[in-house]
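Asker: Have a look at this one.
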Amino acid sequence: MASQIARRVLRSRANEIFLAPSFSNPNSGRVFSSFDRSLSSAAVGSDLIRATLFPGDGIGPEIAESVKQVFRSAEVPIEWEEHYVGQEIDPRTQSFLTWESLESVRQNGVGLKGPMATPIGKGHRSLNLTLRKELNLYANVRPCYSLPGYKTRYDDVNLITIRENTEGEYSGLEHQVVRGVVESLKIITRQASLRVAEYAFHYAKTHGRDRVSAIHKANIMQKTDGLFLKCCREVAEKYPEIKYEEVVIDNCCMMLVKNPALFDVLVMPNLYGDIISDLCAGLVGGLGLTPSCNIGEGGIALAEAVHGSAPDIAGKNLANPTALLLSAVTMLHHLKLHDKADRIHDAIVNTIAEGKYRTADLGGTSSTTDFTKAICDHL
Amino acid sequence: MASRLVRRFFQSPPVVSSLLRSLSSVASPSQPIRVTLFPGDGIGPEISQSVKQVFSAAEVPIEWEEHFVGDKVDPRTESFLTWESLESVRKNGAGLKGPMATPIGKGFRSLNLTLRKELGLYVNVRPCFSIPGYKTRYDSVNLVTIRENTEGEYSGLEHQVVRGVVESLKIITRQASLRVAEYAFHYAKTNGRQKVSAIHKANIMKKTDGLFLKCCREVAEKYPEINYEEVIIDNCCMMLVKNPALFDVLVMPNLYGDIISDLCAGLVGGLGLTPRYSYSTLTSHMIYFSMSFLMILILYSCNIGEKGIVVAEAVHGSAPDIAGKNLANPTALLLSAVAMLRTLELRVKADQIHDAIFKTIAEGKYRTGDLGGTSSTREFTKAVCDNL
Numbered sequence: 001m002a003s004q005i006a007r008r009v010l011r012s013r014a015n016e017i018f019l020a021p022s023f024s025n026p027n028s029g030r031v032f033s034s035f036d037r038s039l040s041s042a043a044v045g046s047d048l049i050r051a052t053l054f055p056g057d058g059i060g061p062e063i064a065e066s067v068k069q070v071f072r073s074a075e076v077p078i079e080w081e082e083h084y085v086g087q088e089i090d091p092r093t094q095s096f097l098t099w100e101s102l103e104s105v106r107q108n109g110v111g112l113k114g115p116m117a118t119p120i121g122k123g124h125r126s127l128n129l130t131l132r133k134e135l136n137l138y139a140n141v142r143p144c145y146s147l148p149g150y151k152t153r154y155d156d157v158n159l160i161t162i163r164e165n166t167e168g169e170y171s172g173l174e175h176q177v178v179r180g181v182v183e184s185l186k187i188i189t190r191q192a193s194l195r196v197a198e199y200a201f202h203y204a205k206t207h208g209r210d211r212v213s214a215i216h217k218a219n220i221m222q223k224t225d226g227l228f229l230k231c232c233r234e235v236a237e238k239y240p241e242i243k244y245e246e247v248v249i250d251n252c253c254m255m256l257v258k259n260p261a262l263f264d265v266l267v268m269p270n271l272y273g274d275i276i277s278d279l280c281a282g283l284v285g286g287l288g289l290t291p292s293c294n295i296g297e298g299g300i301a302l303a304e305a306v307h308g309s310a311p312d313i314a315g316k317n318l319a320n321p322t323a324l325l326l327s328a329v330t331m332l333h334h335l336k337l338h339d340k341a342d343r344i345h346d347a348i349v350n351t352i353a354e355g356k357y358r359t360a361d362l363g364g365t366s367s368t369t370d371f372t373k374a375i376c377d378h379l
Numbered sequence: 001m002a003s004r005l006v007r008r009f010f011q012s013p014p015v016v017s018s019l020l021r022s023l024s025s026v027a028s029p030s031q032p033i034r035v036t037l038f039p040g041d042g043i044g045p046e047i048s049q050s051v052k053q054v055f056s057a058a059e060v061p062i063e064w065e066e067h068f069v070g071d072k073v074d075p076r077t078e079s080f081l082t083w084e085s086l087e088s089v090r091k092n093g094a095g096l097k098g099p100m101a102t103p104i105g106k107g108f109r110s111l112n113l114t115l116r117k118e119l120g121l122y123v124n125v126r127p128c129f130s131i132p133g134y135k136t137r138y139d140s141v142n143l144v145t146i147r148e149n150t151e152g153e154y155s156g157l158e159h160q161v162v163r164g165v166v167e168s169l170k171i172i173t174r175q176a177s178l179r180v181a182e183y184a185f186h187y188a189k190t191n192g193r194q195k196v197s198a199i200h201k202a203n204i205m206k207k208t209d210g211l212f213l214k215c216c217r218e219v220a221e222k223y224p225e226i227n228y229e230e231v232i233i234d235n236c237c238m239m240l241v242k243n244p245a246l247f248d249v250l251v252m253p254n255l256y257g258d259i260i261s262d263l264c265a266g267l268v269g270g271l272g273l274t275p276r277y278s279y280s281t282l283t284s285h286m287i288y289f290s291m292s293f294l295m296i297l298i299l300y301s302c303n304i305g306e307k308g309i310v311v312a313e314a315v316h317g318s319a320p321d322i323a324g325k326n327l328a329n330p331t332a333l334l335l336s337a338v339a340m341l342r343t344l345e346l347r348v349k350a351d352q353i354h355d356a357i358f359k360t361i362a363e364g365k366y367r368t369g370d371l372g373g374t375s376s377t378r379e380f381t382k383a384v385c386d387n388l
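Protein sequences, first through last, are from chains D and W.
Its first residue numbered 1, the first sequence is counted upward by one per residue in full-length UniProt numbering.
Its first residue numbered 1, the second sequence is counted upward by one per residue in full-length UniProt numbering.
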């Protein structure tokens, strides 16, 4: 009880310190909040970490169930708080996500999100946009590595793409100048670029990566991508043990399809990040196998499966839970539960490598439940 | 004289002007077509020599007008390319360009930029195809990327809003989008292609890419025999690395075109097996990029301008490390010249030379270093001439 109160006080204080002067000292908040988190997870034993779970639509509930099952078998000290997307628009959030759901993620600091089908229509924001804006999710991290046992044309992919997620080309600021002429604004700010660069180098350091590559087109877009690069260089100086390089995006794409082993950690503005992260997902076998994690201010981490809700196989016990499971593993790493994360990760990789239990999208015939059980057995 | 008047009267649509070009080129053997040739730097002169040799062996009715990049900046063009060179391309309507090393410095425009602006080159066409006998991870690539080359994200309009906040304008106009869409469908039709895919991100950039798509749809309606589809760029990249056979002709705005055309080049071997690259930040903003000779010298592209101007070029760099050593692979420049012949309506000759080149490569006996062989430029060229 006392530890819970202490945790809540520390967390809110960390949030205050972090959120107030956010661009003057981007480092301190993160240290605080991960320190805080280590305090809270060190008080483990009997204490469970609360994590918000959005099962989502379509195959979402089935694969969320898989995750819960695997985590139970692995005895991960997480207590899930499930939230569902509502039927009506909540005016406080202007979307189908309720204020309570968002508050829950803010409070818990971690969340796991299944695929959500965006309803068509007007008068509300898309669900992903709502989450991103309300939780201030500024970096999208997508680890891409070849899964042994699932053969694609590439065997040695092992890279992380870190994408700035708030500005750049996706600022949504477009207008018609005159009839037949339309303009779109691409915004790059020092603050956002520094923030994502800091996260990229911090990630590289804490995960034992030795190189960070900034992807850009500064030879053409000299001021915007130039500013992004300048910020990356500033942060690179603070991490002399990590190699830093800059690669033009078209060359980067060419190198990725020729030899993806050349890359380690990639940090990029929004649009290039979108393209490159999906390209890398394609290299390792598609979105059904790719984990993804969104990092927000205050150390919030929202892991998500980036594939769609696949309504055609919903409820038929055919879905592949790998993407959501791997995203959950990323979430565990963020929570510093590295042992558990590695155990579950190895179990997943071994199950797929063995080849006996594979879902349809990987060329097998197993059902979701069989696959999940196989993973639990491998733990 | 009368034909010249008629030509000037009908100048704008590229379809009609290529028709007129065929009228003028029918008068072939006695009246050769003049084509401007920029041999370029590094390996440029050697491979240009190959092209000239193969063309004379095939008896192509072309007269080359060579121009070189000068040492001094010409104030009329603000670059090292002289006004005379540009006028020559404008007059002849066709040009072949070898690799040109971009000099570093200020006070002048880059050579490519100069050509593009002065000649109004609005489309860049880059065919990507698996090279027979040269194994990469992808065997059945056969697609063409058509990239809008004048506006979009590369308009160069950037400014600082306040300290630490910079804006860049992406411009899409109806005119430029229609123009490139027209060219894409026309290309698909005349080259027997079945599908045109427009690549976009209109779910996010609704107005700009939305306008581009609207223009593509308008043009698609005029070509009901050609399949038309729209693919979001991130899905496109994923599909390209998983199964490039899904695509045929891709039409895109400037930035996506840049990315996708280089991605496709990578699929077929655009860089050698151990790519080496170097970069250096020379001024506070310019980043100069060069690639070593380990790049495959196969890929070419065609830039199309208003009034049917064609400037075909080899995509690779000037490879200064193998310049003058008789090691360079002339295939890229040869294929550019073949593409140029097609737009000049000399299809029979074009096919003849094209088949000879691919036969030589597929045979495998004569291959240059970049494709894993040991032949010299001259040996390879002679083999192609023999295969004609």
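The beta-carbon is built from N, C-alpha and C at its ideal position, and this holds for glycine as well.
Note that the structure is a prediction, hence the values are computed from the model and not measured.
Do L297 (chain W) and D355 (chain W) have their C-beta atoms within less than 7 Å of each other?
Answerer: Their beta carbons are not under 7 Å apart, which means L297 (chain W) does not touch D355 (chain W) by this criterion.
Asker: Measuring straight from C-alpha to C-alpha, what distance separates A328 (chain D) and H345 (chain D)?
Answerer: If you take the alpha carbons of A328 (chain D) and H345 (chain D), they lie about 10 Å apart.
Asker: Taking R92 (chain D) as the query, report the chain W residues whose CB atoms sit under 7 Å from its CB, ordered along the chain.
Answerer: The contacting residues do not exist; R92 (chain D) stays about 25 Å from chain W at best.
Asker: Please decide whether C216 (chain W) counts as near chain D, where near means a Cβ-Cβ distance under 7 Å.
Answerer: It does not; no Cβ of chain D falls within 7 Å.
Asker: Between N108 (chain D) and the rest of its own chain, which residues show a CB-CB distance below 7 Å, the 5 nearest in sequence each way excluded?
Answerer: For N108 (chain D), where only same-chain residues beyond five positions count, the Cβ hits under 7 Å are R50, A51, T52 and E81.
Asker: Could you tell me whether any Cβ in chain W is nearer than 7 Å to the Cβ of G282 (chain D)?
Answerer: So yes, G282 (chain D) belongs to the interface.
Asker: Which parts of the segment 178 to 231 of chain D are runs of the alpha helix (DSSP H), unbroken and 4 residues or longer, counting only runs that do not cross its ends?
Answerer: Taking only runs of at least 4 residues, the alpha helix (DSSP H) segments lying wholly in the segment 178 to 231 of chain D are 190 to 206.
Asker: Answer with yes or no whether the minimum CB distance from S168 (chain W) to chain C is below 7 Å.
Answerer: No chain C appears in the structure shown, which is made up of the protein chains D and W.
Asker: Can you tell me the Cβ-Cβ gap for G42 (chain W) and P320 (chain W), rounded? I've got them flagged as a contact below 8 Å.
Answerer: Right, the Cβ-Cβ distance comes to about 5 Å (below 8 Å), so this counts as a contact.
Asker: Counting C-beta neighbours from all protein chains within 10 Å, is the total for S79 (chain W) 16 or more, i.e. buried, or is it exposed?
Answerer: Result: buried.
Asker: Can you tell me whether T374 (chain W) is buried or exposed, with buried defined as 16 or more other CB within 10 angstroms of its CB?
Answerer: T374 (chain W) should be labelled exposed.
Asker: Could I get the ranges of all uninterrupted beta strand (DSSP E) runs contained in the segment 136 to 178 of chain W, with 3 residues as the minimum, in chain order?
Answerer: You should have 142 to 148, 158 to 162 and 165 to 173.
Asker: Which value, in whole angstroms, describes the spacing of the CA atoms of G95 (chain W) and L173 (chain D)?
Answerer: So the alpha carbons of these two residues sit roughly 40 Å apart.
Asker: Taking the C-alpha atoms as reference points, what is the distance between A214 (chain D) and L262 (chain D)?
Answerer: Each residue's alpha carbon lies about 13 Å from the other.
Asker: So is G296 (chain D) buried or exposed if we call it buried at 16+ other beta carbons inside 10 Å?
Answerer: Buried is the call here.
Asker: Please report how far the alpha carbon of V231 (chain W) lies from the alpha carbon of S197 (chain W), in whole angstroms.
Answerer: Approximately 7 Å, taken between the alpha carbons.
Asker: Just by C-beta distance, which residues in the segment 231 to 252 of chain W are closer than 8 Å to chain D?
Answerer: Residues passing the 8 Å Cβ filter: I233, D234, N235, C237, M238, M239, L240, V241 and K242.
Asker: Hey, is the segment 64 to 77 of chain D in contact with the segment 251 to 268 of chain D, meaning 3+ C-beta pairs nearer than 8 Å?
Answerer: Taking 8 Å as the limit for Cβ pairs, the verdict is that the segment 251 to 268 of chain D does not touch the segment 64 to 77 of chain D.
Asker: Let's see if you can read the secondary structure: which residues bound the beta strand (DSSP E) around A328 (chain D)?
Answerer: Taken as a continuous stretch (DSSP letters only), A328 (chain D) belongs to no beta strand (DSSP E), being part of the alpha helix (DSSP H) at T322 to H334.
Asker: Alpha carbon to alpha carbon, what distance is there between F247 (chain W) and G180 (chain D)?
Answerer: C-alpha separation (whole angstroms): 29 Å.
Asker: List, in chain order, every chain W residue whose beta-carbon is nearer than 9 Å to that of residue 401 (chain D).
Answerer: A question about residue 401 (chain D) goes unanswered here, because the residues of chain D that appear run from 1 up to 379.
Asker: So which residues of chain W does V182 (chain D) contact, with C-beta pairs closer than 7 Å?
Answerer: Going along chain W in sequence order, the residues near V182 (chain D) (Cβ under 7 Å) are I172, K207, T208 and L211.
Asker: Between residue 401 (chain W) and W83 (chain W), what straight-line distance do the alpha-carbon atoms span, to the nearest angstrom?
Answerer: One cannot answer for residue 401 (chain W) here, as it falls past the ends of chain W, which runs 1 to 388.
Asker: Along the chain, where does the beta strand (DSSP E) containing G305 (chain W) start, and where does it finish?
Answerer: G305 (chain W) -> beta strand (DSSP E) spans Y300 to G305.
Asker: DSSP puts P143 (chain D) in a beta bridge; with which residues?
Answerer: DSSP output for P143 (chain D) lists D:I160 as bridge partner(s).
Asker: DSSP three-state label for residue 398 (chain D), please.
Answerer: Any question about residue 398 (chain D) goes unanswered here, given that chain D covers just 1 to 379.
Asker: Here's the rule I'm using: 16 or more other beta-carbon atoms within 10 Å means buried, otherwise exposed. How should L48 (chain D) be labelled?
Answerer: L48 (chain D) comes out exposed.
Asker: Give me, in chain order, the residues of the same chain whose beta-carbon lies closer than 7 Å to that of T369 (chain D); leave out the 5 immediate sequence neighbours on both sides.
Answerer: N317, listed in sequence order.
Asker: Against Q176 (chain D), what residues of chain W qualify as contacts under a CB-to-CB distance less than 9 Å, listed in chain order?
Answerer: Residues of chain W passing the Cβ test: K207 and L211.
Asker: I want to see whether chain W comes within less than 7 Å of D361 (chain D), judged by CB atoms only; does it?
Answerer: Output row for D361 (chain D): interface = no.
Asker: Of the choices D:V235, D:Y272 and D:R358, whose alpha-carbon is the least far from that of K243 (chain D)?
Answerer: Out of D:V235, D:Y272 and D:R358, D:V235 has the C-alpha closest to the C-alpha of K243 (chain D).
Asker: Jot down the residue ranges of each uninterrupted alpha helix (DSSP H) in the segment 72 to 110 of chain W, minimum 4 residues, whole runs only, in chain order.
Answerer: List check, alpha helix (DSSP H) in window: 83 to 92.
Asker: Can you tell which of W:F380, W:K349, W:E46 and W:S376 has its C-alpha closest to the C-alpha of E363 (chain W)?
Answerer: It is W:F380 whose Cα lies nearest to the Cα of E363 (chain W).
Asker: Please say whether I162 (chain D) and A139 (chain D) have beta carbons closer to each other than 7 Å?
Answerer: Yes; because the gap between Cβ atoms is below 7 Å, this pair is in contact.
Asker: Excluding sequence positions up to five away, which residues of its chain have a Cβ less than 7 Å from the Cβ of K349 (chain W)?
Answerer: Once the five neighbours on either side are set aside, the close Cβ partners of K349 (chain W) are A58, V60 and L341.
Asker: Label K217 (chain D) either buried or exposed according to how many other C-beta atoms from any shown protein chain fall within 10 Å of its C-beta, with 16 as the threshold for buried.
Answerer: When all chains shown are included, K217 (chain D) counts as buried.
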